[in-house]
Amino acid sequence: MKEEIAALMEQVRSKNPLVHHITNTVTINDCANVTLAIGGSPVMADSSEEAASMVKLAQALVINMGTLTESTFTAMVRASQEANRRQIPVVLDPVGVGATSFRNEKAKEFLQTVDPQIVRGNASEISSLIGEEAQTRGVDAGNVNEDLALLASRAAKLLKAVVVVSGPVDYISDGNRTIGIQNGHPILTKVTGTGCMATSLIGNFAGATNDYFYAAIAGISVMGIAGELAYRSFGESPVGTGSFHIRLIDEVSFMNSRTWQKEVNFVEV
Amino acid sequence: MKEEIAALMEQVRSKNPLVHHITNTVTINDCANVTLAIGGSPVMADSSEEAASMVKLAQALVINMGTLTESTFTAMVRASQEANRRQIPVVLDPVGVGATSFRNEKAKEFLQTVDPQIVRGNASEISSLIGEEAQTRGVDAGNVNEDLALLASRAAKLLKAVVVVSGPVDYISDGNRTIGIQNGHPILTKVTGTGCMATSLIGNFAGATNDYFYAAIAGISVMGIAGELAYRSFGESPVGTGSFHIRLIDEVSFMNSRTWQKEVNFVEV
Amino acid sequence: MKEEIAALMEQVRSKNPLVHHITNTVTINDCANVTLAIGGSPVMADSSEEAASMVKLAQALVINMGTLTESTFTAMVRASQEANRRQIPVVLDPVGVGATSFRNEKAKEFLQTVDPQIVRGNASEISSLIGEEAQTRGVDAGNVNEDLALLASRAAKLLKAVVVVSGPVDYISDGNRTIGIQNGHPILTKVTGTGCMATSLIGNFAGATNDYFYAAIAGISVMGIAGELAYRSFGESPVGTGSFHIRLIDEVSFMNSRTWQKEVNFVEV
Chain A
1 MKEEIAALME QVRSKNPLVH HITNTVTIND CANVTLAIGG SPVMADSSEE
51 AASMVKLAQA LVINMGTLTE STFTAMVRAS QEANRRQIPV VLDPVGVGAT
101 SFRNEKAKEF LQTVDPQIVR GNASEISSLI GEEAQTRGVD AGNVNEDLAL
151 LASRAAKLLK AVVVVSGPVD YISDGNRTIG IQNGHPILTK VTGTGCMATS
201 LIGNFAGATN DYFYAAIAGI SVMGIAGELA YRSFGESPVG TGSFHIRLID
251 EVSFMNSRTW QKEVNFVEV
Chain B
270 MKEEIAALME QVRSKNPLVH HITNTVTIND CANVTLAIGG SPVMADSSEE
320 AASMVKLAQA LVINMGTLTE STFTAMVRAS QEANRRQIPV VLDPVGVGAT
370 SFRNEKAKEF LQTVDPQIVR GNASEISSLI GEEAQTRGVD AGNVNEDLAL
420 LASRAAKLLK AVVVVSGPVD YISDGNRTIG IQNGHPILTK VTGTGCMATS
470 LIGNFAGATN DYFYAAIAGI SVMGIAGELA YRSFGESPVG TGSFHIRLID
520 EVSFMNSRTW QKEVNFVEV
Chain C
539 MKEEIAALME QVRSKNPLVH HITNTVTIND CANVTLAIGG SPVMADSSEE
589 AASMVKLAQA LVINMGTLTE STFTAMVRAS QEANRRQIPV VLDPVGVGAT
639 SFRNEKAKEF LQTVDPQIVR GNASEISSLI GEEAQTRGVD AGNVNEDLAL
689 LASRAAKLLK AVVVVSGPVD YISDGNRTIG IQNGHPILTK VTGTGCMATS
739 LIGNFAGATN DYFYAAIAGI SVMGIAGELA YRSFGESPVG TGSFHIRLID
789 EVSFMNSRTW QKEVNFVEV
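Protein chains in written order, with the working numbering: chain A, 1 to 269; chain B, 270 to 538; chain C, 539 to 807.
Now the structure itself:
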């Protein structure tokens, strides 16, 4: 498996997938830049009038609910339905689901009309998405958390999608197989949009392979590895969050199969 | 007073306030990142459908009128009214008020329906907000400007809020006390959003203390000090505005009570 | 001609034009920062209610269709009509025109109601804008492409505007004269918004001179030169796209007539 995923690092650069995003206004620039950094091409058109036309040109669609409004929601549904019809993979990031009833209802409505192929969120978002009480207590950095691995697997079966539950360990499940990835650094939580960027990376890989399980592992691990390498690049110097943000994108732009294979840290689930 | 404000540097990190922003699309990423850098957690939901629900989870609300539209205005009013009901502090940044009648009317309408606890703007914006002719002539970098100190105090009384009039010297008044802070560097005006970020910082401190006068002083002085330290960090090298922008956020992420106390520069008013 | 254009580097800093942008949400922050970096002042108000009032205060208007919606389109038309009435130059960036019928129709409608003074796009966008089949094959980095030079000239005549066709060589034409500029670096395509920023730079120069042909040459060449200098500044170190992005803005902020004259590379057309 590691060989095939490693090979995706070059595959995404040679295929140069067009990745259509309908995303939030906070991290939209970072999502576009991380797409370019890993080898894809971003298009961020989010008007409901053209979302369905634009997605026809794309190899993957990323739906990010960070700053959801009625009008972007309409664009999300139209683009995703068109993507479903054309078997273009839809990657969903249900940002903040669980926080307000507006988000909960919109996420529910989305899942009733659209089939995402990959869903990435933290434990609380994924729990809310499948109508469970979030059980984020007991999350222990660096150790496998049985509850979260099971959450990923349960959500994957329910949603008939590959599910990523992000955290100190990331759990990726397609319902049958569940993988834990332990890359990253706590400072990633001090820069806005590292979750959104991880989802964008997943979208890029999903645009370059039909194996969405591998695409999800590739995307989430690249963000974690880039975070580690960016942090390490400061050596003994203090790590400011502004500079870390920039070096994080640098490290994504430097990523290749050799670095990935050397740095990726699978954990037994 | 200096001791109490210095202590806020650690207090905001330990309390980790959730700071809800309804803000502009230009500097929204910077506002989120500066919130993380000082120790808060940002949420930037700006849809009118959920703004009032989202603010219930927050410890402070930042309203920034930079790219005001009818629909974000509705979100601003709903969120602010809910914040007022729950005694969650509302921090207003009336960006560009005075420039168009649309902005003037919206700002007026806002103040008629909502009570902000803190307002930050430049002399022209604060003057316009209270219906005065802006008198920005005679502003002299590095010297106390009596007119501006009085403007802050007058606006504070009228608005029943803590008011910050930003400039080479920042004046902070609660109507009784007026403080001048002389930190910062002219290059701060060459990066977009340094005013917005200052307002976000104030929002973070207001989410960590009930003393909004101190919160305003803390927020505005942190931006000025971070600007000085960022500039100084270049030593003899030329200071490009792109790199300065990044180091500015670095310096906010490094801020602590010791640095603050060493660097803050109060001036007699 | 080189002398006059070189002089614009200082002229834009001394005139400090207010450049009103109605632009996309992806690169809006970069457009504002690059405006400050070259010596202008950005205002990014995009609400249809105030766009026409805001533009009255400006020396140039930049219209960028990157994330076009019905509501921003209304703002674009209102602001541009007011700009036309007041002889404030309108600089159009028809991002993505050719990709969807929504964009094609909106661009057509825009050109039927408004006269832009300068239009910048890649070969595909400019072709679509004038209703031609895009002929982007045969584009050869580093060599003059007769087809593209003629495209610029033909578009300029049809649109009665200065037209910039961007690519490895940029072609600028007013219909009579056509100039080729060969500055830049391929890594510029790995950062989102370098096209948008070039358009913003053109807007800044158009706000500082009545010679829009020179303004267009100045803006597009500054972006190319800044790209080269930013790349060169890494020396032997690997060039990450995050850091390159920041240094690009640094180099714009360092630009002056001496650097420009030394680095600009005109090619015979």
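Backbone N, C-alpha and C fix where the C-beta goes; we use that ideal spot for every residue, glycine too.
Model, not experiment: these values are computed from the prediction.
Buried/exposed call for residue i, threshold 16 Cβ in 10 Å
| i | result |
| --- | --- |
| M524 of chain B | buried |
| K106 of chain A | buried |
| R137 of chain A | Note that R137 of chain A scores 45 on pLDDT, short of 50, meaning its location in the model is unreliable; the coordinates nonetheless yield the value given after this. With fewer than 16 other Cβ atoms within 10 Å, it is exposed. |
| P186 of chain A | exposed |
| P238 of chain A | exposed |
| E542 of chain C | exposed |
| S14 of chain A | exposed |
| M223 of chain A | buried |
| T27 of chain A | buried |
| T241 of chain A | buried |
| T716 of chain C | buried |
| G680 of chain C | Because the pLDDT at G680 of chain C is just 49, under 50, the model does not fix this residue reliably, and the value given afterwards should be weighed accordingly. Label assigned to G680 of chain C: exposed. |
| R382 of chain B | One point to set straight first is that residue 382 of chain B is Thr, not Arg, in the sequence displayed. Under this definition T382 of chain B is an exposed residue. |
| E505 of chain B | exposed |
| M9 of chain A | buried |
| E109 of chain A | exposed |
| M1 of chain A | exposed |
| R796 of chain C | exposed |
C-alpha distance - residue i paired with residue j, whole-angstrom precision
| i | j | result |
| --- | --- | --- |
| V729 of chain C | R785 of chain C | 12 Å |
| T305 of chain B | T612 of chain C | One point to set straight first is that residue 305 of chain B is Leu, not Thr, in the sequence displayed. Approximately 36 Å between the Cα atoms of the pair. |
| Q625 of chain C | L428 of chain B | 40 Å |
| S166 of chain A | A314 of chain B | 21 Å |
| E70 of chain A | P363 of chain B | 26 Å |
| Y500 of chain B | F513 of chain B | 7 Å |
| T747 of chain C | G367 of chain B | 27 Å |
| M345 of chain B | S591 of chain C | 22 Å |
| V408 of chain B | N414 of chain B | Any reading at V408 of chain B needs caution, since the residue's pLDDT is 43, under 50, leaving its predicted position unreliable; the model's value is listed next. Looking at the two C-alpha atoms, the distance is approximately 6 Å. |
| K262 of chain A | N183 of chain A | 12 Å |
| P706 of chain C | G488 of chain B | 46 Å |
| S393 of chain B | D416 of chain B | 12 Å |
| E132 of chain A | G121 of chain A | 14 Å |
| C300 of chain B | L150 of chain A | 36 Å |
| N104 of chain A | L498 of chain B | 44 Å |
| L539 of chain B | G308 of chain B | Outside the modelled stretch of chain B, which goes from 270 to 538, sits residue 539 of chain B, for which no answer is possible. |
| N24 of chain A | V312 of chain B | 12 Å |
| D486 of chain C | L111 of chain A | Look at the range of chain C in this structure, 539 to 807, and you will see that residue 486 of chain C is not part of it. |
| G462 of chain B | G335 of chain B | 10 Å |
| A275 of chain B | N204 of chain A | 45 Å |
| N16 of chain A | A206 of chain A | 11 Å |
| Y750 of chain C | R85 of chain A | 47 Å |
| A320 of chain B | H289 of chain B | 9 Å |
| Q11 of chain A | V267 of chain A | 25 Å |
| I719 of chain C | Y752 of chain C | 12 Å |
For residue j and residue i, believed in contact at Cβ under 8 Å, the rounded distance
| i | j | result |
| --- | --- | --- |
| V164 of chain A | A83 of chain A | About 19 Å separates the two Cβ atoms, so there is no contact after all. |
| P654 of chain C | A699 of chain C | 5 Å |
| V628 of chain C | S618 of chain C | 5 Å |
| S469 of chain B | V303 of chain B | 5 Å |
| I601 of chain C | I560 of chain C | 6 Å |
| I202 of chain A | I118 of chain A | 6 Å |
| V538 of chain B | I494 of chain B | No, V538 of chain B and I494 of chain B are not in contact; Cβ-Cβ is about 19 Å, not under 8 Å. |
| N29 of chain A | N714 of chain C | Contact doesn't hold; Cβ gap of about 38 Å is too wide. |
| R616 of chain C | S586 of chain C | 6 Å |
Anything in the segment 550–582 of chain C with a Cβ closer than 8 Å to a Cβ of chain A? List those residues in chain order, please. Result list: N562, T563, V564, T565, N567 and D568.
Segments assigned alpha helix (DSSP H), at least 4 residues, entirely inside the segment 352–398 of chain B: Inside the segment 352–398 of chain B, DSSP marks whole alpha helix (DSSP H) runs of 4 or more residues at positions 370–382 and 392–398, from first to last along the chain.
Using a beta-carbon distance cut-off of less than 9 Å, what residues from the segment 775–792 of chain C approach chain E? In summary, chain E is missing from the structure at hand, where the protein chains are A, B and C.
Ordered list of beta strand (DSSP E) runs contained in the segment 170–210 of chain A, each at least 3 residues: Qualifying beta strand (DSSP E) stretches, in chain order: 170–173 and 178–181.
Near-chain A residues of the segment 606–639 of chain C (beta-carbon distance less than 8 Å), N- to C-terminal order: Hits within the stretch, in order: L606, T607, E608, G634, A637, T638 and S639.
Which whole runs of the alpha helix (DSSP H) in the segment 274–329 of chain B are 4 residues long or more, in chain order? Qualifying alpha helix (DSSP H) stretches, in chain order: 297–307 and 320–324.
Which of the residues in the segment 743–754 of chain C, read from start to end, lie with their CB under 8 Å from any CB of chain A? For the segment 743–754 of chain C, there are no residues whose beta carbon sits under 8 Å from a beta carbon of chain A.
What residue ranges within the segment 479–536 of chain B form continuous beta strand (DSSP E) runs of no fewer than 3 residues, ordered along the chain? Scanning the segment 479–536 of chain B from its first residue to its last, no whole beta strand (DSSP E) run of 3-plus residues comes out.
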